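See structure below.
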Amino acid sequence: MNSSQNLSHQQSGVFMRQRKKYILVGLLVLILAHAGMVIADTSTLESVEFSSMPGDQLQFQFNFDSPAIEPKLFHTDNPARIALDFPAVSNGLRKKMIPVNVGIASGIHAVEASGRTRVVINLVRMVPFDTHIDGNKLFVTLENSVQGPIKSSSVVKPARSLVSARASSLPSQTINNIDFRRGTQGEGRIFISLSDPNTVVDMQERGSKIILRFINTGLSDRFAKSLDVTDFATPVQRIETRREGNSATMSITPSTQDYDYSSYQTDGLLTVEFRPLTQSEKQIASKKKFKYSGQRLSLNFQDIEVRSVLQILADFTNLNIVASDTVGGNITLRLNDVPWDHAMDIILKSKGLAKRQTGNVILVAPTPEINKLEKEELEAYAVKEKLEPLKTEIIQVKYSTAKEIQTVLMGVQDQKNAVDTGSIEDQLGQNSTSTLTYPQSNLSESTSGESNRGSIMSSRGVVNIDVRTNVLIVKDTARNLEAIRALVDQLDTPIRQVLIESRVVIANDDFTRALGVRLAAEGRDADPTDATASGYEAGGLLGANQDLVTDLAVGAATGGLGLVIFKASEFLLRLELTANQAESNLTIVSNPRLVTTDQHTASIEQGVEIPFATQSALGGTNTQFKKAVLKLEVTPHITPDDVILMDVLVTKDSEGAQTPDGLAIDRRAIETSVQVESGETVVLGGVYESTTRDDVDSVPFFGELPGFGWLFRRTNVEDSKNELLIFITPKILKRSINAI
Numbered sequence: 001m002n003s004s005q006n007l008s009h010q011q012s013g014v015f016m017r018q019r020k021k022y023i024l025v026g027l028l029v030l031i032l033a034h035a036g037m038v039i040a041d042t043s044t045l046e047s048v049e050f051s052s053m054p055g056d057q058l059q060f061q062f063n064f065d066s067p068a069i070e071p072k073l074f075h076t077d078n079p080a081r082i083a084l085d086f087p088a089v090s091n092g093l094r095k096k097m098i099p100v101n102v103g104i105a106s107g108i109h110a111v112e113a114s115g116r117t118r119v120v121i122n123l124v125r126m127v128p129f130d131t132h133i134d135g136n137k138l139f140v141t142l143e144n145s146v147q148g149p150i151k152s153s154s155v156v157k158p159a160r161s162l163v164s165a166r167a168s169s170l171p172s173q174t175i176n177n178i179d180f181r182r183g184t185q186g187e188g189r190i191f192i193s194l195s196d197p198n199t200v201v202d203m204q205e206r207g208s209k210i211i212l213r214f215i216n217t218g219l220s221d222r223f224a225k226s227l228d229v230t231d232f233a234t235p236v237q238r239i240e241t242r243r244e245g246n247s248a249t250m251s252i253t254p255s256t257q258d259y260d261y262s263s264y265q266t267d268g269l270l271t272v273e274f275r276p277l278t279q280s281e282k283q284i285a286s287k288k289k290f291k292y293s294g295q296r297l298s299l300n301f302q303d304i305e306v307r308s309v310l311q312i313l314a315d316f317t318n319l320n321i322v323a324s325d326t327v328g329g330n331i332t333l334r335l336n337d338v339p340w341d342h343a344m345d346i347i348l349k350s351k352g353l354a355k356r357q358t359g360n361v362i363l364v365a366p367t368p369e370i371n372k373l374e375k376e377e378l379e380a381y382a383v384k385e386k387l388e389p390l391k392t393e394i395i396q397v398k399y400s401t402a403k404e405i406q407t408v409l410m411g412v413q414d415q416k417n418a419v420d421t422g423s424i425e426d427q428l429g430q431n432s433t434s435t436l437t438y439p440q441s442n443l444s445e446s447t448s449g450e451s452n453r454g455s456i457m458s459s460r461g462v463v464n465i466d467v468r469t470n471v472l473i474v475k476d477t478a479r480n481l482e483a484i485r486a487l488v489d490q491l492d493t494p495i496r497q498v499l500i501e502s503r504v505v506i507a508n509d510d511f512t513r514a515l516g517v518r519l520a521a522e523g524r525d526a527d528p529t530d531a532t533a534s535g536y537e538a539g540g541l542l543g544a545n546q547d548l549v550t551d552l553a554v555g556a557a558t559g560g561l562g563l564v565i566f567k568a569s570e571f572l573l574r575l576e577l578t579a580n581q582a583e584s585n586l587t588i589v590s591n592p593r594l595v596t597t598d599q600h601t602a603s604i605e606q607g608v609e610i611p612f613a614t615q616s617a618l619g620g621t622n623t624q625f626k627k628a629v630l631k632l633e634v635t636p637h638i639t640p641d642d643v644i645l646m647d648v649l650v651t652k653d654s655e656g657a658q659t660p661d662g663l664a665i666d667r668r669a670i671e672t673s674v675q676v677e678s679g680e681t682v683v684l685g686g687v688y689e690s691t692t693r694d695d696v697d698s699v700p701f702f703g704e705l706p707g708f709g710w711l712f713r714r715t716n717v718e719d720s721k722n723e724l725l726i727f728i729t730p731k732i733l734k735r736s737i738n739a740i
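With our numbering, letter number 459 in the sequence shown gets 459, and the count goes up by one each step, no holes.
And the structure:
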């Protein structure tokens with residue numbers, strides 16, 4: 001019983017061992033078969049041929065060592081490229097770049113990576129194409145026509161092809177008229193009259209021009225020309241209209257970059273409007289300005305690896321892209337006609353990645369990894385800066401003073417570490433030829449990161465100056481010395497000069513007129529028996545001792561007339577008329593001018609100093625002087641666009657009337673800030689005074705009598721006009737002009 005059981009156990013053990021052996025052999029056979037299948041599935045692209053076909057077609061023939069497979073296709077419009085991805089295909093071509101230069105194709109670029117081969121066909125413009133397989137050959141046929149549809153189902157149709165396909169079914173139409181007008185706000189309007197309101201118009205912005213393409217639209221020779229509309233003073237400079245096959249194209253060239261354009265259509269009238277932007281609109285537009293400027297491409301992928309997309313961008317841009325080992329994952333995207341750098345930023349942000357570009361090499365890695373790398377580089381640079389040996393260099397300052405440049409290099413110092421340069425200069429004197437240096441301890445402390453804010457020097461850098469030779473003595477690292485030299489070259493430039501001319505015009509126009517009368521009554525005092533003596537004078541002016549009825553004569557009369565207005569027996573009434581008229585015209589023009597440098601105050605004055613006697617507290621007499629001068633003081637500032645900002649003070653004082661306390665001073669002055677273009681004249685200000693005075697002296701009641709009232713009145717009329725005008729003209733001088 002025991003022996004039979006042992007025999008059965010031995011037989012079962014042998015069977016199990018044989019079974020395991022058969023299983024291992026079967027697995028080995030499966031592995032070898034699978035490997036053979038993989039090897040058999042791998043093919044090689046052996047050659048590429050191309051030839052011209054009837055109908056302006058171009059055909060490419062790709063030859064493989066095994067049956068060809070259908071490639072994955074995608075294309076870009078700008079630049080025009082067709083890309084074919086062959087999985088599990090190796091590249092057996094001898095050259096990566098094959099020039100074509102036939103028809104619309106310029107070349108073929110083939111690259112093998114990650115177990116696949118990509119072939120890129122570079123085109124002059126995007127055209128429809130077709131692909132088909134015949135055994136070990138793949139044929140790609142390009143049609144030299146923009147009207148035909150794209151036959152390949154794997155290729156996304158561009159918008160322009162869709163428009164063309166739609167237009168192919170439309171009837172023929174024409175442009176009836178083209179007109180241009182200027183709007184009330186300076187906008188330029190282009191009016192295009194279309195024979196068919198349903199005309200398809202493709203409007204695009206290419207570079208600095210706006211292109212309008214009228215699909216399947218005729219254009220007569222009358223309108224196929226170039227229009228120069230610069231004289232209308234609108235944002236539009238030129239309008240060029242021409243025929244392109246069965247379509248018409250209008251190219252609009254703006255005269256400025258500060259504009260906005262729009263288009264709208266009413267029935268058969270298409271209006272394209274260019275509106276100039278205001279200053280506030282310019283600022284808003286600059287903030288919203290698109291920051292991407294790369295070549296545009298279109299991408300349409302479903303669940304593609306991020307590393308594969310980066311490889312596509314590398315092929316498109318001819319840049320070297322290095323992806324970190326931690327970059328992975330898939331992404332689904334559809335981008336149509338976007339800049340490649342914009343597309344890359346979108347892809348990186350969506351996957352939490354960042355890039356760092358050096359030359360034509362772009363490193364792509366997760367954002368924390370990039371930040372860590374930059375932090376390590378900065379720490380290494382800080383350590384290198386502390387250990388790098390110092391060098392000494394002498395920098396000659398030409399147009400500025402070494403002291404001014406030193407202040408910029410050293411930045412803002414703390415008060416405890418600031419060097420009292422004024423005391424050193426006082427000891428050496430203004431014309432000292434000794435070397436002015438700062439104590440080494442103070443310099444080292446003042447240029448440290450703790451006590452010197454905004455310093456260009458490193459933490460160990462030292463800068464001294466020599467007043468006699470106007471040089472900087474700089475001791476710092478070699479890298480920092482290069483930055484200091486570049487900064488000194490940029491700061492040590494000739495200061496621009498400004499010629500300031502001013503005119504102070506004072507005009508006086510005075511007019512006075514006075515008319516007065518005197519009446520005298522006289523009695524006959526001669527001997528009545530004497531027939532030769534009348535006893536009175538019949539005419540002439542009245543004497544001072546005569547009996548006057550009224551005395552309203554003019555003070556400093558320039559003319560007079562005596563009349564007898566009544567005579568009766570021994571009584572005589574005499575009249576004396578006196579008059580005075582004076583006119584005065586005075587014009588004073590003062591023309592002070594001076595030359596000064598940018599941001600430096602300059603002044604010029606001419607006049608007298610009037611003495612004043614004052615009594616001191618001790619009883620003595622002191623003489624003081626007060627200026628009555630013509631003075632021009634100005635501080636100009638030249639902006640980068642040659643506009644001059646000025647702080648101006650102009651005074652025109654003169655001696656006035658004598659007062660009991662001394663001579664008065666007539667003061668005329670203006671102080672202001674003004675902005676002027678170089679060479680233009682501006683009126684800073686003006687004062688206009690007009691005085692009209694009419695005085696009447698009369699005898700009460702009699703001066704109001706009608707017809708005879710003038711015999712008892714004296715009139716005095718004064719009319720005075722004073723005007724002050726101040727003009728100023730700044731001019732930026734060229735470097736060759738050294739004087740007025």
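Note that CB positions come from ideal geometry on N, CA and C, so glycine has one too. This structure is a prediction, so every number in the text was calculated from the model and none was measured.
- Judged by their CB atoms, Ile-192 and Ile-175 are nearer to each other than the 9 Å cut-off.
- DSSP, read as helix, strand or coil, puts Thr-407 in helix.
- Residue pairing by DSSP places His-637 opposite Leu-645 in a beta bridge.
- By the 16-neighbour rule on beta-carbons within 10 angstroms, Gln-406 is buried.
- Judged by their CB atoms, Gly-607 and Asn-580 are not nearer to each other than the 9 Å cut-off.
- Between Ala-628 and Glu-655, the C-beta spacing is below 9 Å.
- Arg-242 places its beta carbon less than 9 Å from that of Thr-249.
- The shortest C-alpha to C-alpha distance from Ser-280 to any of Tyr-259, Leu-73, Gly-294 and Leu-269 is the one to Tyr-259.
- Excluding sequence positions up to five before and after Lys-282, its CB lies within less than 6 Å of the CB of Asp-258, all in the same chain and listed in chain order.
- Between the alpha carbons of Gly-115 and Val-89 lies a distance of about 7 Å.
- Between the C-alpha atoms of Phe-74 and Asp-337 there is a straight-line separation of about 13 Å.
- Its Cα nearest to that of Arg-518, the residue Phe-712 stands out among Gly-107, Lys-291 and Phe-712.
- In the three-state DSSP reduction, His-600 falls in the coil class, being neither helix nor strand.
- If you draw a straight line from the Cα of Thr-681 to the Cα of Lys-731, it comes to about 10 Å.
- Residue burial annotation: Met-126 is buried, with at least 16 other C-beta atoms found within 10 angstroms of its C-beta.
- Beta-bridge partners assigned by DSSP to Lys-631: Glu-605 and Thr-651.
- By the CB criterion at 9 Å, Ile-726 and Val-683 fall inside the cutoff.
- When the five nearest sequence neighbours on each side are left out, the beta carbons in the same chain lying within less than 6 Å of the beta carbon of Gly-516 are those of Leu-552, Ala-553, Val-554, Thr-578 and Arg-714, in order along the chain.
- Val-408 is not a Cβ neighbour of Leu-481, given a cutoff of 9 Å.
- Assigned with DSSP and collapsed to three states, Ala-224 falls in coil, not helix or strand.
- For Arg-713, the uninterrupted beta strand (DSSP E) segment begins and ends at 713 to 733.
- Between the C-alpha atoms of Pro-592 and Ser-678 there is a straight-line separation of about 18 Å.
- Beta-bridge partners assigned by DSSP to Glu-388: none are found.
- Cβ contact annotation for Ser-458 (same chain, cutoff 7 Å, sequence separation greater than five): Glu-385, Asp-476, Thr-477 and Asn-480, in chain order.
- About 5 Å separates the beta carbon of Thr-141 from that of Gln-59, a gap short enough to meet the 8 Å contact definition.
- Nearest to Pro-99 by alpha-carbon distance, out of Pro-197, Thr-587, Asp-134 and Phe-50, is Phe-50.
- For Gln-490, the enclosing alpha helix (DSSP H) starts and ends at 478 to 491.
- Between Glu-187 and Thr-256, the C-beta gap is not smaller than 9 Å, which leaves the two residues out of contact.
- The count of Cβ pairs closer than 8 Å, one atom from the stretch 587 to 606 and one from the stretch 498 to 507, reaches three, so the stretches are in contact.
- When only Cα atoms are considered, Leu-333 and Gln-302 end up about 7 Å apart.
- With a threshold of 16 other beta carbon atoms within 10 Å, Gln-396 falls short and is exposed.
- If you look at Thr-358, you'll find it in the beta strand (DSSP E) that goes 353 to 358.
- For a cut-off of 8 Å, the C-beta gap from Ser-502 to Ile-728 is around 5 Å, short enough to register as a contact.
- Nearest to Leu-645 by alpha-carbon distance, out of Gln-295, Leu-491 and Thr-635, is Thr-635.
- Arg-213 sits close to Val-201, with the two beta carbons spaced by under 9 Å.
- Around the beta carbon of Ala-343, a 10 Å sphere encloses 16 or more other beta carbons of the protein chains shown; the residue is thus reported as buried.
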